[in-house]
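S.K.: Count along the sequence shown from 1, then add 199; that gives the number in our numbering.
No residue lacks a Cβ here, since even glycine has one placed at the ideal position from N, Cα and C.
Computed from a predicted model, the values in this text were never measured in an experiment.
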Amino acid sequence: MKRSEFIKGSAIIGASIAMPNLLKAASGLMDGKGRKVHQVISANKTMVGTLPVLRSFAGDNNDYVSPYVFFDEFGPVKVDPRAKPLRVDAHPHAGIIPTTYFLSGNGHHRDSLNYDLQISKGDFMMFTSGRGAIHMEETGQGLYDNGGVYHGFQIWLNMPSKYKQVAPATEVFHPEKMAVINEKHYSANVVLGDLFGVKSKVETLFPVFYFHINLKAGAKLSIPADPQHNAFIYVITGKIETEGRKEINQNQVALYERGDSMVNIFSEGDTEILMLGGKPHNEPVFAYGPFVMNTEEEIKKCINDYQAGKMGNPQQVDAVKMR
Numbered sequence: 200m201k202r203s204e205f206i207k208g209s210a211i212i213g214a215s216i217a218m219p220n221l222l223k224a225a226s227g228l229m230d231g232k233g234r235k236v237h238q239v240i241s242a243n244k245t246m247v248g249t250l251p252v253l254r255s256f257a258g259d260n261n262d263y264v265s266p267y268v269f270f271d272e273f274g275p276v277k278v279d280p281r282a283k284p285l286r287v288d289a290h291p292h293a294g295i296i297p298t299t300y301f302l303s304g305n306g307h308h309r310d311s312l313n314y315d316l317q318i319s320k321g322d323f324m325m326f327t328s329g330r331g332a333i334h335m336e337e338t339g340q341g342l343y344d345n346g347g348v349y350h351g352f353q354i355w356l357n358m359p360s361k362y363k364q365v366a367p368a369t370e371v372f373h374p375e376k377m378a379v380i381n382e383k384h385y386s387a388n389v390v391l392g393d394l395f396g397v398k399s400k401v402e403t404l405f406p407v408f409y410f411h412i413n414l415k416a417g418a419k420l421s422i423p424a425d426p427q428h429n430a431f432i433y434v435i436t437g438k439i440e441t442e443g444r445k446e447i448n449q450n451q452v453a454l455y456e457r458g459d460s461m462v463n464i465f466s467e468g469d470t471e472i473l474m475l476g477g478k479p480h481n482e483p484v485f486a487y488g489p490f491v492m493n494t495e496e497e498i499k500k501c502i503n504d505y506q507a508g509k510m511g512n513p514q515q516v517d518a519v520k521m522r
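1. Could you tell me which of Gln427, Lys376, Lys499 sits nearest to Glu402, measuring between CA atoms?
2. Taking the straight line between their C-alpha atoms, what separation do you get for Ile318 and Glu482?
3. Using the Cα positions of Gly195 and Gly392, report the straight-line distance between them to the nearest angstrom.
4. Which residues mark the beginning and the end of the beta strand (DSSP E) in which Asn357 is found?
5. From which residue to which residue does the alpha helix (DSSP H) around Gln238 run?
6. By the 10 Å Cβ neighbour count, where 16 or more other Cβ atoms means buried, how is Gly468 classified, buried or exposed?
7. Just to confirm before moving on: does the CB-CB distance between Phe256 and Phe273 stay below 9 Å?
8. Does DSSP put Leu285 in a helix, in a strand, or in coil?
9. Of the choices Leu414, Ser328, Ile354, whose alpha-carbon is the least far from that of Glu382?
10. May I have the straight-line CA-CA distance separating Glu471 from Arg286, to the nearest angstrom?
11. Would you grab the beta carbon distance between Asp517 and Met335 for me? Rounded to a whole angstrom, and I think it's under 8 Å.
12. Can you give me the C-alpha to C-alpha distance between Thr369 and Met246, rounded to a whole angstrom?
13. With contact counted as at least three CB pairs below 8 Å, one residue from each stretch, are the segment 481-501 and the segment 443-454 in contact?
Structure representation (structure tokens):
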């Protein structure tokens, strides 16, 4: 992919605001205490390269999602053995940490930092772009050889201004680095941060949390969150009830107000969710496609650096392909 072609086609597509359903039957929550829902968002279908995704937000709602800035669910999509890989060609990033978390299948990551990696189910990757780097992404060798279901999330963390010019880095964390909770009515994978005193070993530059939670039928949870930090929930499968008898359905995001220390949810049936959040940066955000900075001048510098090849060579990153 030519540099100029990527810059011209780098617009971001957001999601749509939804009116939350109000439950008509008996409520599963005991009271109306806890964080209030600010807004419910329904993810929209779009394509990234040849990969179908559901996009929940992209550079908007920063007051309620920071330090996150972009949220895509890729798949689930069935991949046949020896099929042409689903692929996002080499492209740059700067000022953000694209994170990738696999629920099933595996992926192939190659970047301008000379990493060429196969990432598997349960793995969590952080591509700290800092002042700028290039990567490409596609379905992995395991799916190419054997077929299967490709499913996971790419969610971007916005970097605070003091870290936006750090050297880029790539890290992959296997499941043993994350913390696991198994209780009667729910289980949780603590990817980042800590939940009920159980802490992930994955370190971050700033306060942030990332919980993958499976709720069994009839489960009620009061999830603690710093009152000054943001929190939001994405429903992967099933549905939850939250404050005000609001029903959050599959592929919807509930954005919560700050100010309370608990997020209360109930699941009538089996449900799978992500709960994410952290300390908001409270800084200006200027975004242009894959670049997220604090000023327009910094965005222009990113574009110039990319055009000048300072972030790497996209043709070189794209060079190795599975067949």
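M.R.: The structure says:
1. Comparing Cα positions, the closest option is Lys376.
2. Between the alpha carbons of Ile318 and Glu482 lies a gap of roughly 33 Å.
3. An answer regarding residue 195 cannot be provided, because it is not within the stretch 200 to 522 covered by the chain.
4. In this chain, the beta strand (DSSP E) harbouring Asn357 covers 347-357.
5. Taken as a continuous stretch (DSSP letters only), Gln238 belongs to no alpha helix (DSSP H), being part of the beta strand (DSSP E) at 236-241.
6. By the C-beta density criterion, Gly468 is exposed, having fewer than 16 other C-beta atoms within 10 angstroms.
7. Not in contact: Phe256 and Phe273 (Cβ atoms no closer than 9 Å).
8. Leu285 carries a coil assignment under DSSP once its states are collapsed to helix, strand and coil.
9. Checking every option, the nearest Cα to that of Glu382 belongs to Leu414.
10. Whole-angstrom Cα-Cα distance: 27 Å.
11. Your pair Asp517 and Met335 checks out as a contact, with CB atoms roughly 6 Å apart and the cut at 8 Å.
12. If you take the alpha carbons of Thr369 and Met246, they lie about 25 Å apart.
13. Touching, no.
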